[in-house]
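>
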Ligand code: SF4
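In the numbering used here, the protein residues as written are 127 to 595.
As structure tokens, then:
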């Protein structure tokens with residue numbers, strides 16, 4: 127019943143056979159162990175990604191395996207440790223390695239992020255989880271983070287297990303930590319918080335605040351200590367270094383893809399497919415070798431398509447920046463491309479020069495904390511504005527679509543400022559568009575299309591006028 131779907135996601139016949147009991151248990155728990163749900167999943171995954179690309183299949187394999195592991199974590203391990211977004215990947219990777227080396231009694235992962243990726247873009251089953259989350263302290267219409275509504279809903283519905291320890295994120299947004307606090311009370315599990323100091327002066331970024339780095343580093347150390355006290359696993363300096371090495375490889379590969387797509391004309395692949403490597407840049411996995419292989423395959427596939435002149439939008443199409451990746455549904459990304467606009471880069475895929483400064487820290491945990499504050503959007507509005515302006519200049523953008531999620535306070539701060547800045551300083555048209563990274567009910571494809579169609583016409587006309595001038 128599900129072999130075809132799993133083959134689209136990179137599984138071999140032997141793997142499906144070998145993994146059958148686990149696959150069926152996980153599908154049952156997710157409520158998709160029936161013909162209708164599997165047929166729907168086959169259509170959903172093909173609508174979201176170009177599954178004929180080998181790299182897409184390889185990266186989907188990593189997500190599917192990770193999702194099954196997360197759903198079955200309690201069945202297969204004595205301890206479950208959840209790390210939740212926004213979260214340093216190196217730290218999770220190091221804990222995963224430590225747990226493995228200690229014999230596998232403990233499972234460490236980022237199950238929510240994997241679940242919304244698979245639950246959204248493969249099975250399309252997030253709405254019941256969101257609805258359940260809305261009943262649990264995060265009512266509709268109050269701008270609660272949809273990612274955390276999924277988390278609460280998935281645990282309450284028994285899809286994801288209750289952890290022994292959640293390592294929650296309080297260094298960037300308030301909602302993550304607030305929801306974790308509520309969940310720890312409701313479901314009786316412990317939380318260790320990563321915390322931060324985000325009181326930046328305007329235009330202070332990229333000059334990092336030593337106090338903020340040290341403070342965040344200390345909260346990371348306390349969380350690692352608590353993991354050791356609860357499970358007995360100790361994360362070593364070498365494991366943290368290996369985590370850094372993996373992330374560095376990933377950055378290199380992602381920047382290769384970003385630069386190649388950005389420089390190509392026509393745009394060689396849909397940015398919808400780049401959701402997968404982007405996801406694995408920010409989500410730690412138990413399958414780093416397979417993930418890197420998938421990424422390297424995508425680099426080669428993009429290069430081949432460029433060499434053969436393949437394109438998903440017409441040659442010479444206007445170049446447009448799209449500010450948000452809709453993680454659980456690639457419709458908005460594909461819609462922009464279908465309107466004949468080229469997306470050279472999307473969201474925060476590109477690393478700006480200020481982010482590439484060499485670290486002055488020697489301690490690995492300090493380096494992790496420093497990394498958190500290197501990304502402009504994770505710091506303050508002036509840094510995000512600087513990023514967008516630099517990106518639009520560097521990629522020679524003709525226009526910008528500043529899409530954002532109303533319920534994500536850090537991301538909802540600066541869209542209007544960004545639109546005005548880009549129009550005034552760079553003289554390019556910009557539009558502010560409300561979407562959502564995790565809840566497709568918060569935008570309608572028809573409304574998006576209506577607004578984007580007229581914007582696309584303006585952008586194309588502008589480009590023609592410039593060319594004729
Ligand atoms: S509110 Fe925004 S930053 Fe915070 S967890 Fe949700 S999506 Fe992420």
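Ideal Cβ positions, reconstructed from N, Cα and C, are used throughout, including at glycine. These numbers were taken from a predicted model, which means no experiment stands behind them.
According to DSSP, is residue 390 part of a helix, a strand, or is it coil?
Coil.
> Checking 8 Å against the spacing of the C-beta atoms, do residue 359 and residue 232 come in under that value?
Going by C-beta atoms, residue 359 is nearer than 8 Å to residue 232.
> For residue 152 versus residue 194, is the C-beta spacing smaller than 8 Å?
Yes, these two residues count as a Cβ contact at 8 Å.
> Quick check on residue 208: does DSSP put it in helix, strand or coil?
Residue 208 falls in the strand class under three-state DSSP.
> Beta-carbon separation of residue 291 and residue 307 under 8 Å?
No, they are not a contact pair.
> Considering only heavy atoms of the ligand SF4, does any lie closer than 7 Å to the CB of residue 563?
Yes, since a heavy atom of the ligand SF4 falls inside the 7 Å radius drawn around the Cβ of residue 563.
> Can you tell me where the beta strand (DSSP E) holding residue 321 begins and where it ends?
Where residue 321 is concerned, the enclosing beta strand (DSSP E) stretches over 316-321.
> Taking all protein chains shown into account, decide if residue 260 is buried (16 or more other Cβ within 10 angstroms of its Cβ) or exposed.
Counting Cβ neighbours within 10 Å, residue 260 comes out buried, since at least 16 surround it.
> I need the DSSP call for residue 260, collapsed to helix, strand or coil.
Correct three-state label for residue 260: helix.
> Just to confirm my understanding: we take residue 166, look at its own chain, exclude 5 residues before and 5 after, and list those with CB closer than 7 Å. What are they?
Taken in chain order, the residues that qualify are 250.
> Within this structure, are the beta carbons of residue 255 and residue 283 separated by less than 8 Å?
Cβ atoms of residue 255 and residue 283: closer than 8 Å.
> Between which two residues does the beta strand (DSSP E) harbouring residue 525 extend?
Taken as a continuous stretch (DSSP letters only), the beta strand (DSSP E) holding residue 525 covers 525-531.
> Comparing alpha-carbon positions, which option in 583, 563 and 576 lies nearest residue 243?
The shortest Cα separation from residue 243 among 583, 563 and 576 belongs to 563.
> Against chain D, with Cβ distances strictly below 8 Å, would residue 548 count as a contact?
Absent from the structure is chain D; it holds one protein chain and no more.
> Is residue 378 buried or exposed, if buried means 16 or more other CB atoms sit within 10 Å of its CB?
Its Cβ having fewer than 16 others within 10 Å, residue 378 is exposed.
> What are the complete alpha helix (DSSP H) segments, minimum 4 residues, inside the stretch 490-563?
For the stretch 490-563, whole alpha helix (DSSP H) runs of length 4 or above, ordered along the chain, are 490-500, 507-520, 535-538 and 541-547.
> Could you check if residue 535 belongs to the surroundings of the ligand SF4, using beta carbon to heavy atom distance under 7 Å?
It does: the Cβ of residue 535 is within 7 Å (strictly closer) of some heavy atom of the ligand SF4.
> With DSSP run on the structure shown, which of helix, strand or coil describes residue 266?
Coil at residue 266, not helix or strand.
> Whole angstroms are fine: how far does the CA of residue 461 sit from the CA of residue 577?
About 11 Å.
> Measure the Cβ-Cβ separation of residue 171 and residue 134 and say whether it is below 8 Å.
Closer than 8 Å, so yes.
> I want to know whether the stretch 464-472 touches the stretch 442-454 - three or more CB-CB distances under 8 Å.
Enough Cβ pairs lie closer than 8 Å, so yes.
> Determine, using beta carbons only, whether residue 454 and residue 246 come nearer to each other than 8 Å.
Cβ distance < 8 Å, so residue 454 and residue 246 count as in contact.
> What do you reckon, is the C-beta of residue 145 under 7 Å from a heavy atom of the ligand SF4?
No; taking the cut-off as 7 Å, the Cβ of residue 145 has no heavy atom of the ligand SF4 nearer than that.
> Tell me the DSSP bridge mates of residue 293?
Residue 293 pairs with 209 and 318.
> May I have a chain-ordered list of the alpha helix (DSSP H) segments no shorter than 4 residues that lie completely inside the stretch 316-365?
The qualifying runs are 336-357.
> Considering residue 446, what are the terminal residues of the beta strand (DSSP E) in which it resides?
Counting along the chain, the beta strand (DSSP E) containing residue 446 begins and ends at 446-448.
> Tell me the rounded alpha-carbon separation between residue 396 and residue 351.
Whole-angstrom Cα-Cα distance: 43 Å.
> Would you kindly check if the distance between the Cβ of residue 496 and the Cβ of residue 400 is under 8 Å?
Cβ distance not < 8 Å, so residue 400 and residue 496 don't count as in contact.
> Express the C-alpha separation of residue 178 and residue 424 in angstroms, rounding to a whole number.
C-alpha separation (whole angstroms): 12 Å.
> When you compare only the Cα positions, how much space is there between residue 403 and residue 376?
About 9 Å.
> Helix, strand or coil for residue 233 per DSSP?
Of the three classes helix, strand and coil, the one that applies to residue 233 here is strand, per DSSP.
> Using the rule of at least 16 other Cβ atoms within 10 Å of the residue's Cβ for burial, across every protein chain shown, is residue 542 buried or exposed?
So residue 542 counts as exposed.
> So is the beta-carbon of residue 302 under 7 Å away from any non-hydrogen atom of the ligand SF4?
Answer for residue 302: yes, Cβ within range of the ligand SF4.
> DSSP has residue 472 in a bridge; who is on the other side?
DSSP output for residue 472 lists 448 as bridge partner(s).
> Excluding five sequence neighbours on each side, which residues of the same chain lie with their C-beta closer than 8 Å to the C-beta of residue 203?
So the list reads 230, 231, 232 and 233, once near-sequence residues are dropped.
> For residue 343 and residue 481, I'd like the C-alpha separation in whole angstroms.
Approximately 19 Å, taken between the alpha carbons.
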